[in-house]
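Q: I have a structure here, written as structure tokens, and I will follow up with some questions on it.
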Amino acid sequence: MDSSSIRNHNERLVLSLIWKTGNIPSSKIAQLTSFSAQTSSVITRKLEDAELIIKGKPVKGNVGKPYLPISLNPDGAFAFGLLIGRRHAELVLVDFLGQIRAERSIYYTFPTPERVLQFVRNNITDIQNEISPSLHSRIIGIGIAVPFELWKWSDVIGVPREEMNSWKDFDLNGEISVITLLPAISANDGTMACNGELVFGQGSVRNSFGYFFVDTFIGGGLVLDGKLVLGHNNNAGAFGTIPVSLPNGSSTQLIQKSSIYVLEKMLHEYTGQQVFQDKFSKIWYEQETIVNNWIEDTAKGIAIASVAVSAIVDVPNIIIDGNFPDYIRSKLVDSINDWIHKVDTRGIVPPKAEEGTLGSRAGAIGAAFQPIASQFFIN
């Protein structure tokens, strides 16, 4: 595939239109883009020749001749997505529709550059080989989701500061490009999780929302009028830094109240053993009392932060997701809505918390879409 052939603005416009509609009659493309019928036909033929779109079987309409629905070809393009978390990493390969074709994950006590690079080295070829060799040339890049200033807060989660400081001057994009032989794009992990939800989840029915992702540290993102908000430092939606009050009257960051590392600490105090997230598959139901207490505390913090977010940007919904099972997410959302009703919301329309749809892979999926969007769609 000659990627230069799809950089034309008009071609991007047509691809974006097909993306948003799912499939569309060829006659509608000219109508919705204001192209002439001839121009529309030339563009769609070019995209079809590049195997970026496919035409379906004729569909009989209510009136007139049958029409040919046009949709994106799932095999038209692929991209890798890499999530680097404080306790785990995810590597996915997604197709042109954002569907995961292959994935790998790893848990660790803390990330180091070499640990992450080795994870990519060990898995990139195996993941690539899960699609046909004839499609390998259609893998166009790798998007990376990584926490802003990853090396900070090392003392909070009990990891060696000198090890984490190795991230400070590390050329992440460059090193990943050397391994994958692909261009790399990196962005904040919370922002990329929010991007995943915008493109492949609630974004199809929610035009503006705040987004919280509960992981080792809680993070987030913001969508306004259907667009992901990046901010001056590409770090908008860093909701983990929102101050929340403590019972003693002091305040702390939301990170230190509504994160999974807090549950790790609670489990350590109860069991006397260090329990990290790689063991959480059983913890969620085996330690129900502790987990429920954590859900309640976490929900209270997020509810207060959600009201603050709504007071500033007037979003009607707060989307909640995280690195936990779906039923935990459901319980957390119910508890957040209960707490929102207890918070003084005079002066605003209280937001409603809703469940996200992508779970632990949200950041990797959102990151993987970045190379695809940058080449094929109008942002």
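The numbering of the sequence shown is numbering that gives the first Met the number 0, which starts it at 0 and goes up by one. We treat Cβ as the ideally placed atom computed from N, Cα and C, and that holds for glycine. None of these values were measured; they are calculated from a predicted model.
Look at Lys123 and Ile178 and say whether their C-beta atoms are less than 8 Å apart.
A: The amino acid occupying residue 123 in the given sequence is Ile; Lys does not appear at that position. Yes, Cβ-Cβ distance for Ile123 and Ile178 is below 8 Å.
Q: Could you give the distance in angstroms between the alpha-carbon of Asp1 and the alpha-carbon of Glu50?
A: At Asp1 the pLDDT is 48, less than 50, meaning the model places this residue with poor confidence; the figure from the coordinates comes in the next sentence. Each residue's alpha carbon lies about 11 Å from the other.
Q: Can you have a look at His87 and say buried or exposed, based on whether 16 or more other CB atoms are within 10 angstroms of its CB?
A: So His87 counts as buried.
Q: For Pro199, which option in Gly225, Ser131, Pro110 has the closest C-alpha, if you only look at C-alpha atoms?
A: This sequence places Phe at residue 199; Pro is not what is there. Out of Gly225, Ser131, Pro110, Gly225 has the C-alpha closest to the C-alpha of Phe199.
Q: Could you check the C-alpha separation between Phe147 and Asn234 for me, to the nearest Å?
A: Approximately 7 Å, taken between the alpha carbons.
Q: Among Gly271, Lys19, Glu263, which one has its Cα closest to the Cα of Trp283?
A: Nearest C-alpha to Trp283: Glu263.
Q: Kindly indicate which three-state DSSP category Thr38 falls into: helix, strand or coil?
A: Note: Thr38 maps to helix in three-state DSSP.
Q: Measuring only the C-alpha atoms, how far is Pro65 from Pro57?
A: Distance between the alpha carbons of Pro65 and Pro57: 6 Å.
Q: Can you give the Cα-Cα distance for Phe368 and Arg11, rounded to whole angstroms?
A: Roughly 15 Å separates the two Cα atoms.
Q: Starting from the Cα of Leu92, find the closest Cα among Ile105, Ala78, Leu67 and give me that residue.
A: The candidate whose alpha carbon is nearest that of Leu92 is Ala78.
Q: By Cβ distance below 6 Å, which residues in the same chain neighbour Thr297 in space, the five residues on each side in sequence not counted?
A: Cβ neighbours of Thr297 beyond the five flanking positions: Ser257.
Q: Closest by CA to Ser280, which one among Gln252, Ile303, Tyr326, Ser244?
A: Of the listed residues, the one whose Cα sits closest to Ser280 is Tyr326.
Q: Would you say the region 293-313 touches the region 347-364, given that touching needs at least three Cβ pairs under 8 Å?
A: Yes, the region 293-313 touches the region 347-364.
Q: The beta strand (DSSP E) spanning Ala106 covers which residue range?
A: Reading the sequence as shown, one finds Tyr at residue 106 and not Ala. Element bounds for Tyr106: 99-106.
Q: Since Ala183 and Ile143 are thought to touch, with beta carbons under 8 Å apart, how far apart are those beta carbons, to the nearest angstrom?
A: Indeed, because the Cβ distance is near 6 Å, the residues count as touching under 8 Å.
Q: Within its chain, find whatever has a CB closer than 8 Å to the CB of Ser4; leave out the 5 residues flanking it on each side and keep chain order.
A: Low local confidence applies: a pLDDT of 45 at Ser4 is under 50, so the model's placement there is unreliable, with the coordinate-based value given in what follows. Correct list, in chain order: Glu10, Lys45, Ala49.
Q: Three-state secondary structure (DSSP) at Val348?
A: DSSP places Val348 in coil when its eight states are reduced to three.
Q: Assuming Ile156 and Thr215 are in contact, meaning their beta carbons sit under 8 Å apart, how far apart are those beta carbons, in whole angstroms?
A: Confirmed, about 7 Å.
Q: In angstroms, rounded to a whole number, what distance separates the CA positions of Thr108 and Ser40?
A: If you take the alpha carbons of Thr108 and Ser40, they lie about 55 Å apart.
Q: For the alpha helix (DSSP H) that contains Leu245, what are its first and last residues?
A: No alpha helix (DSSP H) contains Leu245, which DSSP labels as neither H nor E.
Q: Is any heavy atom in the ligand COA found nearer than 7 Å to the beta carbon of Phe147?
A: Because no ligand of any kind appears in the structure shown, any question about the ligand COA cannot be addressed here.
Q: Any contact between the region 241-248 and the region 302-309? By contact I mean 3 or more CB pairs, one from each, below 8 Å.
A: They touch, by the three-pair rule.
Q: Output needed for Trp150: all residues of its chain with C-beta closer than 6 Å, excluding positions within five of it in sequence on either side, in chain order.
A: If we look at Trp150 and ignore the five residues flanking it on each side, its Cβ neighbours are Met163, Asn164, Trp166, Lys167.
Q: Starting from the C-beta of Glu295, find all residues in its chain whose C-beta is less than 7 Å away, skip the five residues before and the five after it, and write them out in chain order.
A: Cβ within range, chain order: Ser334.
Q: Helix, strand or coil for Pro132 per DSSP?
A: In the structure shown, Pro132 sits in a helix (DSSP, three-state: H, G or I).
Q: Determine the DSSP secondary structure at Val93, reduced to helix, strand or coil.
A: In the structure shown, Val93 sits in a strand (DSSP, three-state: E or B).
Q: What residue range does the beta strand (DSSP E) around Pro68 cover?
A: From DSSP, the beta strand (DSSP E) with Pro68 extends over 68-71.
Q: Distance check for Ser176 and Leu266, CA to CA, integer angstroms please.
A: Cα to Cα, Leu266 sits roughly 39 Å from Ser176.
Q: To the nearest angstrom, how far is the alpha carbon of Arg160 from that of Gln255?
A: Taking the straight line joining both Cα atoms gives about 18 Å.
Q: Strictly by DSSP, which residues pair up with Ile143?
A: DSSP lists Leu81, Ser185 as partners of Ile143.
Q: For Pro324, name the three-state secondary structure that DSSP assigns.
A: DSSP places Pro324 in coil when its eight states are reduced to three.
Q: If you follow the beta strand (DSSP E) that Val213 is in, where does it begin and where does it stop?
A: Val213 -> beta strand (DSSP E) spans 208-213.
Q: Could you pull out every residue in the same chain whose Cβ sits closer than 6 Å to the Cβ of Met191, ignoring the five residues on either side in sequence?
A: Result list for Met191: Ala144, Gly362, Gly365, Ala366, in chain order.
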